[in-house]
Amino acid sequence: GSDANVYPPMSTLLESQGIEIIEGFSPSQLEPRPDLVVIGNAMSRGNPCVEYVLDNNLRYTSGPQWLQEFLLHDRWVLAVSGTHGKTTTSSMLAWILEDCGYAPGFLVGGVLGNFGISARLGESMFFVVEADEYDSAFFDKRSKFVHYHPRTLVMNNLEFDHADIFDDLEAIKRQFHHLVRTV
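The sequence shown begins at 1 in the UniProt record's numbering and counts up by one.
Below is the structure:
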């Protein structure tokens with residue numbers, strides 16, 4: 001994958017997993033032609049890779065949509081949402097399931113102390129995901145968490161955040177209302 005401002009602990013973790021990180025966004029990274037390009041929410045129109053994808057009619061999706069289609073669609077998703085504490089709560093939930101012998105999959109925004117990694121497929125139907133309200137991609141302004149369709153939802157707390165995309169607390173509440181309707 002490619003990104004800007006790559007730094008530890010995630011850069012170290014990805015390297016330890018044998019995942020090559022390419023800094024910057026050169027269209028040459030898209031050769032040979034990929035089957036699918038996952039476009040993160042930090043990328044927007046004007047980004048050389050985004051423009052190459054669009055100009056060459058490459059198939060693309062957002063990260064949250066990819067996660068739903070390829071990993072979550074047939075799993076028991078436990079989504080942890082809220083303004084604060086998502087990583088800690090997700091980590092605790094994954095560890096509780098692990099300690100009970102369920103070997104869950106998980107995707108969390110930090111390195112989980114008990115696992116030493118931030119993501120794994122798991123061996124059971126359970127999948128813990130840190131469910132963020134930030135938008136999915138430049139072409140999908142819905143909150144990431146609406147893609148996850150959880151069977152179990154944890155909502156830690158809610159306050160005004162992400163002033164770059166939300167006007168006020170009411171705008172954030174609307175997104176959480178959409179999330180609750182997906183359970």
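Cβ coordinates follow ideal geometry from the N, Cα and C atoms, glycine included. Predicted model, so just to flag it, every value in this text is computed and none were measured.
Apart from sequence neighbours up to five positions away, the residues of its chain that approach G122 with a beta-carbon distance below 6 Å are A103, P104, G105, ordered along the chain.
R45 sits exposed, since fewer than 16 C-beta atoms from the chains shown fall within 10 Å of its C-beta. With respect to L78, L93 sits close: the two C-beta atoms are nearer than 9 Å.
When only Cα atoms are considered, R181 and V80 end up about 15 Å apart. Setting aside the 5 residues that flank it on each side, I19 has no residue in the same chain whose C-beta is closer than 6 Å to its C-beta.
About 10 Å separates the beta carbon of L30 from that of Y60, a gap too long to meet the 8 Å contact definition. Setting aside the 5 residues that flank it on each side, D135 is surrounded in the same chain by N41, K141, R142, S143, K144, I165, each with a C-beta closer than 8 Å to its C-beta; the list follows chain order. Burial state of A137 is buried, judged by a 10 Å Cβ sphere holding 16 or more other Cβ atoms.
Assignment of alpha helix (DSSP H) within the UniProt domain "Mur ligase central" (80 to 181), counting only whole runs of 4 or more residues, yields 86 to 99, 169 to 181 in chain order.
T88 and G82 have their C-alpha atoms some 11 Å from each other. Residue L107 holds the alpha-carbon nearest to the alpha-carbon of L67 among L107, G101, S28, N47. Distances from the alpha-carbon of P34 to those of F127, F115, N56 put N56 closest.
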